[in-house]
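Enquirer: The structure follows.
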Amino acid sequence: MSAARIRGLRKAYGAHLVFDGLDLDVARGERIAILGASGCGKSTLLRCIAGLERPDAGTIATTGEVGVVFQEPRLFPWLDVRRNVAFPARTAAERARVDGVLGLVGLAHAAQRLPKQLSGGMAQRAALARALVRDPQLLLLDEPFAALDALRRIELRAAVREILEFTRASAILVTHDVEDALALADRVLVLAGAPADIAFEGTVGDGATRAAILDALGVAEYEGRARRATSR
Amino acid sequence: MARFALPLALFVGWWLATARGWVKSYQFASPRDVLAELANLAATGALWHDIGASVARVFAGFAIALALAIVLGALVGGSRAVERVLDPTLQAIRAVPSLAWVPLILLWLGIGETAKITLVAIGAFFPIYVALVAGIRGVDRKLVEVGTTFGLSRAALIARVLVPATLPQLLVGARIGLTQAWLFLVAAELLAATNGIGFLLTDGEQTTRTDEILVAILLFAVCGKLSESGMRWLERRLVGWTDTVPV
Amino acid sequence: MTPFSRSRFLGLAAGATLIGALPRVARAAGVDRVGVDYAYYNPPSLVLKSKGWLEETLAKRGTSVDWVLSLGSNKANQFVQAGTIAFGSTAGSAAFLARANGVPLRTVFLYSRPEWTALVVGKDSPLKTLRDLKGKKIAATRGTDPWFFLLRSLATVGLTQGDVEVVDLQHPDGRVALERGQVDAWAGLDPHMAASQLEAGSRLLYRNVAFNTYGALNAREDFLAQHPDVVTIVLQQYERARQYAATHVDETAGLLADASHLDRKVAELQLRERTTYPGNGVPDRDFQSAIGGVVSFVRSEKLARPDADLEVSATTLADTAPATLALRG
Numbered sequence: 001m002s003a004a005r006i007r008g009l010r011k012a013y014g015a016h017l018v019f020d021g022l023d024l025d026v027a028r029g030e031r032i033a034i035l036g037a038s039g040c041g042k043s044t045l046l047r048c049i050a051g052l053e054r055p056d057a058g059t060i061a062t063t064g065e066v067g068v069v070f071q072e073p074r075l076f077p078w079l080d081v082r083r084n085v086a087f088p089a090r091t092a093a094e095r096a097r098v099d100g101v102l103g104l105v106g107l108a109h110a111a112q113r114l115p116k117q118l119s120g121g122m123a124q125r126a127a128l129a130r131a132l133v134r135d136p137q138l139l140l141l142d143e144p145f146a147a148l149d150a151l152r153r154i155e156l157r158a159a160v161r162e163i164l165e166f167t168r169a170s171a172i173l174v175t176h177d178v179e180d181a182l183a184l185a186d187r188v189l190v191l192a193g194a195p196a197d198i199a200f201e202g203t204v205g206d207g208a209t210r211a212a213i214l215d216a217l218g219v220a221e222y223e224g225r226a227r228r229a230t231s232r
Numbered sequence: 001m002a003r004f005a006l007p008l009a010l011f012v013g014w015w016l017a018t019a020r021g022w023v024k025s026y027q028f029a030s031p032r033d034v035l036a037e038l039a040n041l042a043a044t045g046a047l048w049h050d051i052g053a054s055v056a057r058v059f060a061g062f063a064i065a066l067a068l069a070i071v072l073g074a075l076v077g078g079s080r081a082v083e084r085v086l087d088p089t090l091q092a093i094r095a096v097p098s099l100a101w102v103p104l105i106l107l108w109l110g111i112g113e114t115a116k117i118t119l120v121a122i123g124a125f126f127p128i129y130v131a132l133v134a135g136i137r138g139v140d141r142k143l144v145e146v147g148t149t150f151g152l153s154r155a156a157l158i159a160r161v162l163v164p165a166t167l168p169q170l171l172v173g174a175r176i177g178l179t180q181a182w183l184f185l186v187a188a189e190l191l192a193a194t195n196g197i198g199f200l201l202t203d204g205e206q207t208t209r210t211d212e213i214l215v216a217i218l219l220f221a222v223c224g225k226l227s228e229s230g231m232r233w234l235e236r237r238l239v240g241w242t243d244t245v246p247v
Numbered sequence: 001m002t003p004f005s006r007s008r009f010l011g012l013a014a015g016a017t018l019i020g021a022l023p024r025v026a027r028a029a030g031v032d033r034v035g036v037d038y039a040y041y042n043p044p045s046l047v048l049k050s051k052g053w054l055e056e057t058l059a060k061r062g063t064s065v066d067w068v069l070s071l072g073s074n075k076a077n078q079f080v081q082a083g084t085i086a087f088g089s090t091a092g093s094a095a096f097l098a099r100a101n102g103v104p105l106r107t108v109f110l111y112s113r114p115e116w117t118a119l120v121v122g123k124d125s126p127l128k129t130l131r132d133l134k135g136k137k138i139a140a141t142r143g144t145d146p147w148f149f150l151l152r153s154l155a156t157v158g159l160t161q162g163d164v165e166v167v168d169l170q171h172p173d174g175r176v177a178l179e180r181g182q183v184d185a186w187a188g189l190d191p192h193m194a195a196s197q198l199e200a201g202s203r204l205l206y207r208n209v210a211f212n213t214y215g216a217l218n219a220r221e222d223f224l225a226q227h228p229d230v231v232t233i234v235l236q237q238y239e240r241a242r243q244y245a246a247t248h249v250d251e252t253a254g255l256l257a258d259a260s261h262l263d264r265k266v267a268e269l270q271l272r273e274r275t276t277y278p279g280n281g282v283p284d285r286d287f288q289s290a291i292g293g294v295v296s297f298v299r300s301e302k303l304a305r306p307d308a309d310l311e312v313s314a315t316t317l318a319d320t321a322p323a324t325l326a327l328r329g
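Chains as they are written, first to last, in the working numbering: chain A, 1 to 232; chain B, 1 to 247; chain C, 1 to 329.
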């Protein structure tokens, strides 16, 4: 039973067709990274899976809870860290997880602080903790480290890696950073074209080498630039 | 301490001007006269009676305005269609200055408490309404999306995300609304009042008692300032979480 | 700016300032405008305004006249206090109160001896006597003769201000409030009172000629001292108007009706039945005793400032010198 199963995804914004019949599978416990040029539609894909956009056609099936972490922490400024993390908790069981999850992201000591008192890295960890409270089967991460500086990025990447190991959740990581993909994912996909489709797919440690990914990205970028030039 | 420097200087200037006779007592009462009249009013109980009457009108009018502004603000803020229907009319009404309302209110509602409280409510309504609509429109969509990803129903989204998010704006609007309430109260109490701080003002005016006039002005200043400080305190307590948030 | 035009600019600015300062210098010598009020309760003022006698006589001195409408004694007192007008029309009692509260005015002329105020109730009012007014809402304009009249009337049956609810409205608004039933009674003032009687059938609950305190023309002491010649001219013309009003009642009624937009019959009621012009306009002993009757009352109802010297204010209110001088020659 896969964590996520997408069939025939079609999404258009007005005249701009983003996807036309995209298929994707994420197995249980599998982590995939989706890379691509900016604007290729990788965030749109994630948002469709998260339920924030409605596809024009196709099916999206997920099993169990889905947790989302955005590029910005998006913490509720009126709640302290603990309450923010506890926000999605509906049952006593979920509420009981709050402390554990705070410990997991290393914010137990800052549970009483307000978001305005947190650094960027800490805020993003709180957002991560919040996404984990419902014990999700699938974690969606939309460029979660983009707003952080290089050092924090490395720290948080390591933290996410540990958390993924610990929770055994599946994950779809959307990023434009190859290192993120190599550090966290089992499988790497590169999205390209208009409408977007999977231009490259490989397993980390096998076909998905840094060189191969960069290559695929470069071609995609080149193609993208060429297309934009001709469509003018 | 710096904030008391200017009032102190003004007070000294005032005292000097009346003591030296640069300003006549029938033009501007001296500090001593004003304090004497204040003490006199306090002794007879008239002071508390008048202050009480004014405060009661302000709070009654303000409460009505708050309720109405929340209802209309929520309706207009929540729907562009409703906005298109209601907002232009409300904006036109908002442009009417306080004293211009007096004859109309006099005609429709007479000279009793209803008329006065209505006037106060008109004044307090608009800042609250405008702030709430702006607050609702300005709610960060990103926060609402978080709520959506957690599968919150529309009602839950409103209660758990929208309401706390608009609270800062609402309170700022309420603070301004309260100030406006006091301003409109002056106009209301010129309308055939039998008590209140505004009554002290017109009484002083009509019987050429500059000491009463100044007592009234002093009381308005103090009451207005206290109201504002009170609201700011409330703001700090309820929405102290605002300011520089990494969202 | 080139040096040339800058100095020119400065020169022009200096010139403008000098020119601006000139009128001030000129004003100290004479007066180029005098503010005079007119009121519906002061018929001679309406005659004076309509005939233009003041403008004629003052024009020779280069002085113009500004006419200001006073809706009541309270307004007239405020205008005099502020210096907007030099001559204000009030009831004697109102002038006295203003003086007691520190406004340095003197009554220099009596323009009429009216019975212009009474307590009015609606046509179908159940109220019959003064005692019935206890606990009722009564419209009265604070600081005017009707207000004093109300309080003095109540005092005759042992009632004070605290026993009724006095609603402060200007005279015309008080009439409307009575007729709309928003108040139970009204301390009325002519011509509005006459109009209410004739047009709405309102009834006079209580009358008392002795409680009416003359039509007083007041001026500030500093004006009297600085411009005695203007004062003389104004008083001479005022007496002329007063005589005219006394001998031309119909015409004056017409003027009143036109000015106040009230019916001719109303004006006639006020002028024929309730206005007389005794004496020669100089404040006399009768005026003095009318004011005396107000003093104890102002004291007991605490209407004046705590530090007011009521007796002194009462005795020094009238200044007979200006009128005596003016009417001698």
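Ideal Cβ placement from N, Cα and C applies to all residues, glycine included.
Computed from a predicted model, the values in this text were never measured in an experiment.
Give the list of continuous alpha helix (DSSP H) stretches no shorter than 4 residues that lie fully inside the region 73-103 of chain C.
Expert: Runs of the alpha helix (DSSP H) inside the region 73-103 of chain C: 73-82, 92-100.
Enquirer: How would you label D50/B, buried or exposed, when you count the other beta carbons within 10 angstroms and need 16 or more for buried?
Expert: Its Cβ being crowded by 16 or more others within 10 Å, D50/B is buried.
Enquirer: Could you round the C-beta distance between V36/C and F109/C to whole angstroms and report it? I think they count as a contact, below 8 Å.
Expert: The Cβ separation is near 12 Å, so there is no contact.
Enquirer: Nearest CA to the CA of A17/B: which residue from A81/B, V144/B, P31/B?
Expert: Looking at the Cα atoms, P31/B is the closest of the given residues.
Enquirer: Could you tell me whether the Cβ of E53/A comes closer than 8 Å to any Cβ of chain B?
Expert: No - not a single Cβ of chain B is within 8 Å of the one on E53/A.
Enquirer: Between which two residues does the alpha helix (DSSP H) harbouring K45/C extend?
Expert: It is worth fixing the name first, because residue 45/C is Ser in this sequence and not Lys. It spans 43-51 - the alpha helix (DSSP H) in which S45/C sits, taken as one unbroken run.
Enquirer: Hey, is the region 76-92 of chain A in contact with the region 107-123 of chain A, meaning 3+ C-beta pairs nearer than 8 Å?
Expert: Taking 8 Å as the limit for Cβ pairs, the verdict is that the region 107-123 of chain A does touch the region 76-92 of chain A.
Enquirer: What does a CB cutoff of less than 6 Å around T276/C pick up in its chain, not counting 5 residues either side in sequence?
Expert: Around T276/C: R113.
Enquirer: Can you tell me which of the three DSSP states E179/C falls into?
Expert: Looking at E179/C - three-state DSSP - the assignment turns out to be helix.
Enquirer: Drop a sphere of 10 angstroms on the beta-carbon of D25/A, count the other beta-carbons inside from all chains shown, and report buried for 16 or more, exposed for fewer.
Expert: The residue is exposed, with fewer than 16 neighbouring Cβ atoms inside 10 Å.
Enquirer: Using only alpha-carbon positions, find the residue among V298/C, D284/C, E268/C that is nearest to T324/C.
Expert: With distances taken between Cα atoms, T324/C lies closest to D284/C.
Enquirer: Given this structure, state the Cα-to-Cα distance separating D56/A from T44/A, to the nearest angstrom.
Expert: About 12 Å.
Enquirer: Under 8 Å, CB to CB, which of the residues in the region 162-178 of chain C have a partner in chain B?
Expert: Flagged, chain order: E165, V166, V167, D168, L169, D173, A177.
Enquirer: Out of T62/A, L107/A, A212/A, which one is the CA nearest neighbour of L189/A?
Expert: Among T62/A, L107/A, A212/A, the Cα nearest to that of L189/A belongs to A212/A.
Enquirer: For D184/C, does the three-state DSSP call read helix, strand or coil?
Expert: DSSP places D184/C in coil when its eight states are reduced to three.
Enquirer: Using DSSP with H/G/I as helix, E/B as strand and the rest coil, what is K123/C?
Expert: If DSSP states are grouped into helix, strand and coil, K123/C belongs with coil.
Enquirer: What does DSSP give as the partner residue(s) for L22/A in the beta ladder?
Expert: According to DSSP, which records beta bridges pairwise, L22/A is partnered with L9/A.
Enquirer: What's the C-alpha gap between F62/B and Q237/C?
Expert: Their backbone Cα atoms lie some 55 Å apart in a straight line.
Enquirer: Could you tell me whether the region 191-200 of chain A touches the region 24-43 of chain A, where touching means 3 or more Cβ pairs closer than 8 Å?
Expert: Judged by Cβ distances under 8 Å, the region 191-200 of chain A makes contact with the region 24-43 of chain A, as three or more pairs qualify.
Enquirer: Which residue marks the beginning of the alpha helix (DSSP H) containing Y40/C, and which one marks its end?
Expert: First-last for Y40/C: undefined, no H or E at that position.
Enquirer: Any idea what DSSP makes of A29/C, helix, strand or coil?
Expert: Unreliable positioning characterises A29/C in this predicted model, as indicated by a pLDDT of 46, which lies under 50. A coordinate reading is not provided.
Enquirer: Name the chain B residues that come within less than 8 Å of V85/A, Cβ to Cβ?
Expert: Going along chain B, no residue has its Cβ under 8 Å from V85/A, so there is no contact; the nearest lies around 12 Å.
Enquirer: Could you check how far apart the C-beta atoms of G215/C and S89/C are, in whole angstroms? I think they sit under 8 Å.
Expert: Correct: roughly 6 Å between the Cβ atoms.
Enquirer: With H, G and I counted as helix, E and B as strand and the rest as coil, what does DSSP make of G135/C?
Expert: Coil at G135/C, not helix or strand.
Enquirer: Does any residue of chain A bring its CB to less than 8 Å from the CB of T242/B?
Expert: Yes, T242/B lies at the interface with chain A (some Cβ there is under 8 Å from its Cβ).
Enquirer: Kindly indicate which three-state DSSP category V312/C falls into: helix, strand or coil?
Expert: Here V312/C sits in helix by DSSP.
Enquirer: List the residues of chain A that E235/B touches, going by C-beta distances under 7 Å, in chain order.
Expert: Neighbours of E235/B on chain A: none; closest Cβ ~13 Å, over 7 Å.
Enquirer: Got a sec: is the Cβ-Cβ distance from S30/B to anything in chain C below 8 Å?
Expert: Chain C, which has no Cβ nearer than 8 Å to the Cβ of S30/B, makes this no.
Enquirer: Could you give the DSSP three-state label for V330/C: helix, strand or coil?
Expert: Because chain C spans 1 through 329 in this model, residue 330/C falls outside it and cannot be assessed.
Enquirer: With a threshold of 8 Å between beta-carbons, can L157/B be considered close to chain A, or not?
Expert: Chain A, which has no Cβ nearer than 8 Å to the Cβ of L157/B, makes this no.
Enquirer: Within the same chain, show all residues whose beta-carbon is closer than 7 Å to that of V161/B, passing over the 5 residues directly before and after it, in chain order.
Expert: Once the five neighbours on either side are set aside, the close Cβ partners of V161/B are L143, V144, G147.
Enquirer: Between the region 58-67 of chain C and the region 158-175 of chain C, do at least 3 Cβ pairs fall closer than 8 Å?
Expert: Output reads no: the region 158-175 of chain C does not touch the region 58-67 of chain C.
Enquirer: Beta-carbon within less than 8 Å of W147/C's beta-carbon, same chain only, minus the 5 sequence neighbours each way: which residues are those?
Expert: The residues are A140, T141, V166, A187.
Enquirer: Could you have a look at M1/C and say whether DSSP puts it in helix, strand or coil?
Expert: Note that M1/C scores 47 on pLDDT, short of 50, meaning its location in the model is unreliable; the coordinates nonetheless yield the value given after this. Of the three classes helix, strand and coil, the one that applies to M1/C here is coil, per DSSP.
Enquirer: Going by C-alpha distance, which of A314/C, D319/C, P322/C, L327/C is nearest L97/C?
Expert: Of A314/C, D319/C, P322/C, L327/C, the residue nearest in Cα terms is A314/C.
Enquirer: Please state whether the Cβ-Cβ distance between I172/A and I6/A is less than 8 Å.
Expert: No, Cβ-Cβ distance for I172/A and I6/A is not below 8 Å.
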